[in-house]
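For the sequence shown, the numbering used here begins at 11 and goes up steadily by one. C-beta: ideal position from N, C-alpha, C; glycine also.
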Amino acid sequence: MRTLYFESYDRMSKYAADMIAAQIRQKPDSVLGLATGSSPLGIYRELIGLYESGQLDFSQVTTFNLDEYCGMDYRNEQSYHYYMQENLFSKINVPASNIHLPDAAAADPDAECLSYERSIEQAGGIDLQLLGIGHDGHIGFNEPDSHFPAITHRTMLAEPTIQANRRFFASQDQVPKEALTMGIGTIMKARKILLIAFGADKEEIVRQAFTGPVVPAVPASVLQLHPDVTVLYGK
Ligand code: GLP
């Protein structure tokens, strides 16, 4: 595991975007695993800049997002579908047919999870997975648990996560309580992992996850067992 400390969010974002750009230049048909939340916004801005200045081409790239809120229509502004369109996809040249997010409005969520997992395999697996980290150590929406979930699945969000997401919704009852998420096993199969965390509020969980024991109560700690992880953090 490689860990790098940054004093500037912008510099951290640029470093991460350069890693993603290097991946795409080395393998133009890379399969990227993408994340939402506030942490990756700087990276997406950098990637858009590289595309606009003609330095990066996404025409052969395939993307799989980590997760989506249950019952959320893709047109809803709070959905991760909407977030990705707004903050990245509509501003680069990745073909719409290469973009994947779990369909959390699917009539049969369990079938959707299996089919999502299969699509990742059929695409050849994820070359580079981008991750943020929740204050309780969750990655994707794999919350603290008694085990590490293997594959894409439906999950209940933990109370701290529901509270953290409250700021994005008009009222408490609009905050989603369930999501579809890649499993820990899905994430661990990615060939390379890049995790970003910025801010004093993430300091303690980063310390626990990467210097503490590997336990499902701190889901991100499992990344200590992955052979190619880069953690970028700072405050
Ligand atoms: C959500 C997402 C995670 C993300 C986390 C942290 O729970 N499902 O993928 O890492 O938020 O978000 P932020 O970067 O806003 O702190």
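Proximity of the beta carbon of T240 to the ligand GLP is not indicated: no heavy atom of the ligand is located closer than 8 Å. For I58, the three-state secondary structure derived from DSSP is helix. The three-state secondary structure of Q132, taken from DSSP, is helix. Pairing Q139 with K24, the inter-Cα distance amounts to about 16 Å. Boundaries of the alpha helix (DSSP H) harbouring M94: 90-97, taken from the DSSP string. In this structure, P223 keeps its C-beta atom at 9 Å or more from the C-beta atom of N152. From the listed residues C123, R85, N97, the smallest Cα separation to L76 is found for C123. The beta carbon of F158 lies closer than 6 Å to those of I194, P226, V232 in the same chain, with the five residues before and after it left out.
Not one heavy atom of the ligand GLP lies closer than 8 Å to the C-beta of K187. Apart from the 5 residues on each side of it in sequence, G150 sits with its Cβ closer than 6 Å to the Cβ of L76, D77, T191, M192 in its chain, given in chain order. In the DSSP assignment, M166 falls within the unbroken beta strand (DSSP E) covering 163-166. In the three-state reduction of the DSSP assignment, I109 falls in the strand class, which pools E and B. Under the three-state reduction of DSSP, V232 is assigned to helix. Here K212 is buried, its C-beta having at least 16 other C-beta atoms within 10 Å. For E169, there is no enclosing beta strand (DSSP E); the residue is part of the alpha helix (DSSP H) that begins and ends at 169-175. Apart from the 5 residues on each side of it in sequence, P170 sits with its Cβ closer than 7 Å to the Cβ of H145, D146 in its chain, given in chain order.
CA-CA distance, S18 to A26, rounds to 12 Å. Distance from the CA of Q88 to the CA of N175, rounded to the nearest whole angstrom, comes to 10 Å.
Here the C-alpha atom of L60 lies approximately 15 Å from the C-alpha atom of R21. By the 16-neighbour rule on beta-carbons within 10 angstroms, A168 is buried.
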